[in-house]
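Participant: Before I ask anything, here is the structure I am working with.
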Amino acid sequence: MPGAMVLFSTPGMLHGGQSLKVFRKWCHDPRNMIIMPGYCVAGTVGAKVISGMKKIEIEGKMHYINALWHAAIPLMLAAEILCWQAKLIRVCQPRSVMFVHGEAAKMEFLKGKVEKEFRVPVLMPANGESVSIPGISNLEVDVPQDIVQRCLDLDPTPSKKACPFSACLVMDKQNGLEVISCEAAASRLQLGLHTITLSQLVKSRSVVDWRALSEALSIHDTHLQHKQDGIELFHGEICVLPVKGDDNQASGTGMG
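Heads up: the sequence shown begins at 1 in UniProt numbering, then just goes up one per residue.
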């Protein structure tokens, strides 16, 4: 079979059986991995593998192990299987665990311990039972710094711990993903951008003090611009404008 393979050794000391036959075929490829769940008696093939031997004689033939020893899992060879299971789970950090061998009562006890300590689901299928485990795909995409900065600038929350993110995700012919601005996406698709503007009139009891209003709004946007014809916030996304003929009113306009 192509690709890296994982062998769960039974018997654990690799002294015979199907696992030893598979090990003889796989031990030459450093991409493969073997798990030996238990103590290995000195002189067994399992003990020789754990000790780091590069050349092992099996049934009169020499087998050369091409192993990445620095990537091996550091096993805790304890008497209690719970200690070994805990060590393996801590190192591998699996999203789910499956028990396939052992007494039902003891496996149920171990299942409760694992689920409580590591907060991962544990499956215990019966012999011949099929189990479906949903997978989770992690996808990393680079976001241009200018898009990130723009989203931060448009966020009215002073803390900036979280803010709305607006951009376009584009997939190319090689299934590669790229994050670009909405303007860049419209240009590639040769489409025009549409803007929706919402306005609201706010009436004041007295003449609007634009300088005082600008200072009050600066709490939400420290980079606002106070111009002769009004106040711009968040790079012009929101504008506060005077109403012609009425010094007691201001018009708030937002674009999206």
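Don't be surprised by glycine CBs; every beta carbon is placed ideally from N, CA and C. Only a predicted model underlies this, so the values are computations on that prediction, with no experimental measurement involved.
1) If you draw a straight line from the C-alpha of A4 to the C-alpha of L169, how long is it?
2) Which class does D29 belong to by DSSP, given the choice of helix, strand or coil?
3) Indicate the three-state DSSP secondary structure (helix, strand or coil) for I50 in the structure shown.
4) Pairs of beta-carbons, one from the stretch 20-27 and one from the stretch 111-122, closer than 8 Å: are there three or more?
5) Let me check understanding here. Comparing Cα to Cα, which of G230, E103, F234 lies closest to T222?
6) Quick one: give me the first and last residue of the beta strand (DSSP E) that Q149 is part of.
7) Whose C-beta lies closer than 8 Å to the C-beta of D247 among residues of the same chain, with five residues either side of it excluded?
8) For E183, which residues of its own chain have a beta-carbon under 8 Å away from its beta-carbon, when the five flanking residues on both sides are left out?
9) Measuring straight from C-alpha to C-alpha, what distance separates V122 and M171?
10) Pick from V41, M13, G43, A42: whose alpha carbon is nearest that of I34?
11) Inspect the beta-carbon positions of I231 and L213 and report whether they are closer than 8 Å.
12) For G133, which three-state DSSP category applies?
13) For C40, count neighbouring Cβ atoms within 10 angstroms of its own Cβ and tell me buried if that reaches 16, exposed if not.
14) Apart from the five residues just before and just after I73, which ones in its own chain have a Cβ nearer than 6 Å to its Cβ?
15) Taking the continuous alpha helix (DSSP H) assigned at F118, which residues delimit it?
16) List the endpoints of the continuous beta strand (DSSP E) containing C168.
17) Excluding the five sequence neighbours on either side, which residues of its own chain have a C-beta within less than 8 Å of the C-beta of Q228, listed in chain order?
18) Consult DSSP for V91 and reduce its assignment to one of helix, strand or coil.
19) Could you check whether S9 and M53 sit closer than 8 Å to each other, using their CB atoms as the reference points?
20) Excluding sequence positions up to five away, which residues of its chain have a Cβ less than 8 Å from the Cβ of M107?
21) Using a Cβ-based criterion (distance less than 7 Å to any ligand heavy atom), does A162 qualify as near the ligand ADP?
22) Roughly how many whole angstroms lie between the Cα atoms of S166 and C151?
Facilitator: Checking against the coordinates, here is how it stands:
1) Here residue 4 is taken as the residue at index 4 of the sequence shown, counted from 1. Here residue 169 is taken as the residue at index 169 of the sequence shown, counted from 1. Going from the Cα of A4 to the Cα of L169 covers about 33 Å.
2) In the sequence shown, residue 29 corresponds to position 29, counting from 1. Here D29 carries a coil assignment [DSSP, helix/strand/coil].
3) If you number the sequence shown from 1, residue 50 lands on position 50. Reduced to three states, the DSSP call for I50 is helix.
4) no
5) Counting from one through the sequence shown, the residue named residue 222 turns up at place 222. When each option's Cα is compared against that of T222, the closest is F234.
6) For this step, residue 149 is matched to residue 149 along the sequence shown. Run containing Q149: none in the beta strand (DSSP E); it sits in the alpha helix (DSSP H), 145-154.
7) As a working mapping, residue 247 is identified with position 247 in the sequence shown. So the list reads V207, V208, once near-sequence residues are dropped.
8) Looking up residue 183 in the sequence shown gives position 183. Non-local beta-carbon contacts of E183 in its own chain, meaning distances under 8 Å to residues more than five positions away in sequence, involve L193 in chain order.
9) Here the question's residue 122 lines up with position 122 in the sequence shown. Here the question's residue 171 lines up with position 171 in the sequence shown. One C-alpha to the other measures close to 37 Å.
10) As a working mapping, residue 34 is identified with position 34 in the sequence shown. Out of V41, M13, G43, A42, M13 has the C-alpha closest to the C-alpha of I34.
11) In the sequence shown, the residue the question calls residue 231 occupies position 231. In the sequence shown, the residue the question calls residue 213 occupies position 213. In this structure, L213 lies closer than 8 Å to I231 by Cβ.
12) Walking along the sequence shown from the start, residue 133 turns up at place 133. The identity of residue 133 in the sequence shown is Ile, whereas the question assumes Gly. Three-state DSSP puts I133 in coil, outside helix and strand.
13) Position 40 of the sequence shown, counting from 1, holds the residue named residue 40. Buried: at least 16 other Cβ atoms inside 10 Å.
14) Here residue 73 is taken as the residue at index 73 of the sequence shown, counted from 1. Caution is warranted here: a pLDDT of 42 is assigned to I73, below 50, making its placement in the model unreliable, and no coordinate value can be reported.
15) One-based indexing of the sequence shown puts residue 118 at position 118. Segment 104-118, the alpha helix (DSSP H) holding F118.
16) Here residue 168 refers to the residue found at position 168 of the sequence shown. Here the beta strand (DSSP E) through C168 covers 168-171.
17) As a position in the sequence shown, residue 228 is number 228, starting the count at 1. Cβ-Cβ distances below 8 Å link Q228 to nothing in the same chain once the five nearest sequence neighbours on each side are left out.
18) Locating residue 91 in the sequence shown gives position 91, counting from the first residue. Looking at V91 - three-state DSSP - the assignment turns out to be helix.
19) Numbered from 1 along the sequence shown, position 53 holds the residue referred to as residue 53. Numbered from 1 along the sequence shown, position 9 holds the residue referred to as residue 9. No, these two residues do not count as a Cβ contact at 8 Å.
20) Indexing the sequence shown from 1 puts residue 107 at position 107. Result list for M107: F99, M124, in chain order.
21) Absence of the ligand ADP is noted for the structure shown, with no ligands found whatsoever.
22) Locating residue 166 in the sequence shown gives position 166, where the first residue counts as 1. Locating residue 151 in the sequence shown gives position 151, where the first residue counts as 1. If I take the Cα positions, the gap works out to 7 Å.
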